[in-house]
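> Okay, handing you the structure first.
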Amino acid sequence: MTIDQLDPTPLWVQLAAIIRDRIKAGDYAPRQPLPSESQMQQEFGIARGTVRRAMRALAEEGWTVTVQGRGSFVAPQESWPKDA
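Position one of the sequence shown corresponds to residue 1 (the working numbering), numbered consecutively onward.
See the structure below:
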């Protein structure tokens, strides 16, 4: 999946959906580190603030855990939303 700059859906929502789908598909396993903000910026061609907003949303939903100074990780599967 890619970010569609012409889609009216906010970019952070698109990025969160991409990361969520990758977690569900097993591309990112529980407790595995996610790519850094700068890596996501480069991969998707978006601003750091957009990446941060998407990561904050995923953490609020229970998909990820952010550890200051270490990065973001896929949350343990028991933390994922029940409708996942």
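Ideal Cβ placement from N, Cα and C applies to all residues, glycine included.
Note that the structure is predicted; figures quoted are calculated from it, not measured.
V65 and A59: beta carbons closer than 8 Å?
yes
> What's the C-alpha gap between D21 and P33?
Their backbone Cα atoms lie some 16 Å apart in a straight line.
> Checking the sheet assignment: what are the DSSP bridge partners for V67?
The partner list for V67 (beta bridge, DSSP) reads G71.
> Any idea if V74 is buried or exposed, counting beta-carbon neighbours within 10 angstroms, 16 or more meaning buried?
buried
> Between which two residues does the alpha helix (DSSP H) holding M40 run?
Per DSSP, M40 belongs to the alpha helix (DSSP H) from 37-44.
> What's the C-alpha gap between L11 and W63?
18 Å
> Near K82, what residues of its chain come up, given a Cβ to Cβ distance below 6 Å and the 5 sequence neighbours on each side ignored?
none
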